[in-house]
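In the working numbering, the protein residues as written are 279 to 680. By construction, the Cβ of each residue, glycine as well, lies at the ideal position given by its N, Cα and C atoms.
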């Protein structure tokens with residue numbers, strides 16, 4: 279990016295130098311053309327001298343300013359043509375010296391000024407030709423048509439060049455907007471993937487750490503008194519850690535694989551709910567599970583999201599509520615997956631929504647919202663205090679919209 283930015287002034291300077299070269303060549307060509315026509319003195323005035331050549335040089339010099347002051351150049355060119363003929367110098371035509379000025383004005387979006395100047399030139403030329411006694415047929419078929427054709431061609435060419443330039447500029451803006459939108463979309467996708475990974479890591483590691491904490495306390499209290507309880511607790515810790523390590527390896531492998539589908543992050547789903555229930559019960563919470571859902575009826579993404587919501591909810595039960603009983607429900611109704619997790623613990627606490635840096639309830643709500651579902655969490659009985667318990671409700675679509 280820095281090299282591109284640094285190259286822009288150099289490229290702009292080169293383009294401006296090219297334009298100055300073009301203007302210089304055009305000015306020289308106009309001066310030479312007018313001088314040659316004046317020197318030819320087709321009507322034999324005998325006045326092809328220094329003054330005529332000075333006018334020729336002036337008509338050419340005006341074109342050097344055609345990009346910066348096109349309207350002024352046009353006005354001075356028209357006045358110069360009239361003054362030239364006032365001095366009765368050799369005829370050089372009316373429209374020819376003004377062709378470049380007319381083109382420049384039209385190119386600079388001064389089309390009305392160019393058309394007005396062209397009309398004035400042609401009208402004045404026709405008036406003086408009639409005053410000189412030229413036949414009307416000759417005037418219309420030769421002088422008038424030639425002047426009108428030159429004026430119209432110059433203006434039309436200027437308008438065409440401006441239109442092409444504006445079209446290119448518009449296309450450049452569209453390309454720039456498309457590139458910016460593509461960068462924004464890429465950033466948005468990256469943020470979405472990072473958020474998804476963060477939610478999964480929070481749910482997985484948070485659940486595992488809660489299980490480890492509970493069973494570590496069990497093991498610590500049973501040391502020296504109940505070796506079997508210690509062994510069971512350590513086995514639960516080992517199993518939880520092993521499961522988490524497998525999921526972490528899957529996540530890392532996914533991140534290292536270009537073009538991998540985030541849905542491949544793990545084969546989790548409601549089929550794994552019995553293991554969650556067993557883990558919670560081993561930690562001392564009696565869980566009643568009412569699952570009336572066939573996981574095959576759900577999209578894989580919905581199935582995984584439902585599992586994560588139930589997992590995080592049970593983690594909060596273990597970590598915060600002090601509950602002895604928990605209820606887990608999952609059922610399909612009218613194409614919508616309904617989830618409910620309730621406990622008989624202390625109810626809501628400040629830590630419940632802020633666990634893991636705010637990734638607890640907020641993470642579940644975000645997960646449900648991204649899939650077009652809904653989420654609500656709060657005390658089971660808002661009128662009770664202390665032991666009212668806590669519940670989480672979530673809905674998810676059975677299938678994602680294509």
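If you draw a 10 Å sphere on the C-beta of residue 362, you find 16 or more other C-beta atoms in it, and that means buried. When C-beta atoms of the segment 390–397 are compared with those of the segment 314–333, fewer than three pairs fall below 8 Å, so the two segments do not count as touching. Cα atoms of residue 294 and residue 300: separation of roughly 10 Å, rounded to the nearest angstrom.
Contact check for residue 620 and residue 639: beta-carbon distance about 15 Å, past the 8 Å limit, so the pair fails to qualify. By the criterion of at least three beta-carbon pairs nearer than 8 Å, the segment 401–408 is not in contact with the segment 378–390.
Taking 7 Å as the cut-off, the Cβ atoms of residue 564 and residue 598 do not count as close. Here residue 618 has 607 and 671 as same chain residues with Cβ atoms under 6 Å from its own Cβ, once five neighbours each way along the sequence are excluded. For residue 606, the beta-bridge partners assigned by DSSP are 567 and 619. One alpha carbon belongs to residue 524, the other to residue 290, and they sit about 57 Å apart.
According to DSSP, residue pairing for residue 323 in a beta bridge does not occur. Annotation for residue 657: the continuous beta strand (DSSP E) segment containing it runs 652–657. Residue state for residue 576 is assigned as coil, using DSSP reduced to three classes.
When the beta-carbon positions are compared, residue 392 and residue 383 come within less than 7 Å of each other. Across the structure, residue 311 and residue 445 are spaced so that their CA atoms are roughly 33 Å apart.
The beta carbon of residue 305 is closer than 7 Å to those of 338, 339, 341 and 342 in its chain, skipping five residues each way along the sequence. When beta bridges are read from the DSSP output, residue 670 appears opposite 619 and 655.
By the neighbour-count criterion, in which 16 or more other beta carbons inside 10 Å mark a residue as buried, residue 591 falls on the buried side. Counting along the chain, the unbroken alpha helix (DSSP H) around residue 359 starts and ends at 348–364. Rounded to the nearest angstrom, the Cβ distance from residue 577 to residue 678 is 5 Å, consistent with a contact under 8 Å. With a 10 Å radius around the Cβ and a threshold of 16 neighbouring Cβ atoms, residue 323 comes out exposed. Beta-bridge annotation (DSSP): residue 614 is paired with 611 and 675. Taking C-beta separations shorter than 8 Å and ignoring five residues to either side along the sequence, the partners of residue 613 in its chain run 675, 676 and 677, following chain order.
For residue 515, the closest of 495, 501 and 475 by C-alpha to C-alpha distance is 495.
Leaving aside the five residues that flank residue 570 on each side, the residues in its chain whose CB is nearer than 6 Å to its CB run, in chain order, 609. Sequence-distant partners of residue 316 (beyond 5 residues in either direction) whose C-beta falls short of 8 Å from its own C-beta, in its chain, are 326, 330, 331, 333, 334, 367, 368 and 370.
Secondary structure of residue 338 (DSSP, three-state): helix.
For residue 501, there is no enclosing alpha helix (DSSP H), as DSSP marks it with neither H nor E. Here the alpha carbon of residue 303 sits roughly 38 Å from the alpha carbon of residue 456. The three-state secondary structure of residue 387, taken from DSSP, is coil. One thing to note: residue 372 has its Cβ within 7 Å of the Cβ of residue 425.
Between residue 547 and residue 582, the C-beta gap is smaller than 7 Å, which places the two residues in contact.
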